[in-house]
Amino acid sequence: MCLTTYTWKVFAVAPAIATLPANRIFMTHTILHIDDDPIACELVRSILEDAFEVRVVSRMNTSDALETLKQVAPDLIITDIAMPGHGGFELVRALRDTPSTAAIPIIVLSGRIAMLGHYEQFQDMVDDILEKPIHQAELRAKVRRTLKLH
């Protein structure tokens, strides 16, 4: 009779990872989404996480987003422009002026696209612009193109 012994190495899992579903632990891209509308946050998260191997981190305001950027290095930022307090214009300018975030692609997703017509300099600072209401296919296509996903 042959007796085989197996040794298992057990590694501690960081608490933040331990709370993620198994299919979300090894995501290839992280997207930071900033919008003051919780329904828009949930919709964007659902659309993108269902379509791609991405993790969407949602924040409801620019100050929380800037704090998150101290801990998370997203591959893409999607932001609304019309938010209470410091809005998307100020956020985009701050991101482009900061060396650690200057190269992160930014997609603006807003119901106030007409406002951008007066801000040509702002349009040059973002990678793409989408108008609300959110169209799933268009959002997925722009994210796919920006992150070069298959």
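All residue numbers for the sequence shown refer to full-length UniProt numbering, where the first residue is 1 and numbers rise by one.
Every residue, glycine too, gets a C-beta built ideally from N, C-alpha and C.
Quantities reported herein were computed from a predicted structural model and do not represent experimental measurements.
Item: Paired residues, beta bridge with L109 - DSSP; Value: L130
Item: The stretch 123–134 in contact with the stretch 105–112 per 3-pair CB rule at 8 Å; Value: yes
Item: Backbone CA spacing between A73 and L91 [nearest angstrom]; Value: 16 Å
Item: Reduced DSSP secondary structure (H/G/I, E/B, other) of I77; Value: strand
Item: S58, buried or exposed, once every other Cβ within 10 Å from all chains shown has been counted against 16; Value: buried
Item: Whole-angstrom distance between P99 and S46, CA atom to CA atom; Value: 31 Å
Item: Cα-Cα separation between L95 and V54, rounded to whole angstroms; Value: 21 Å
Item: Nearest-angstrom Cβ-Cβ length linking D80 and D50, presumed shorter than 8 Å; Value: With a Cβ gap of about 21 Å, D80 and D50 do not count as contacting.
Item: Classification of A137 by the beta-carbon crowding that lies within 10 angstroms, buried from 16 upward; Value: exposed
Item: Residue closest to H86, alpha-carbon to alpha-carbon, out of K148, T146 and N61; Value: N61
Item: Given G111 as reference, the closest of L139, E131 and L32 once Cα atoms are compared; Value: E131
Item: A141 burial status per 10 Å Cβ neighbour count (16 or more: buried); Value: exposed
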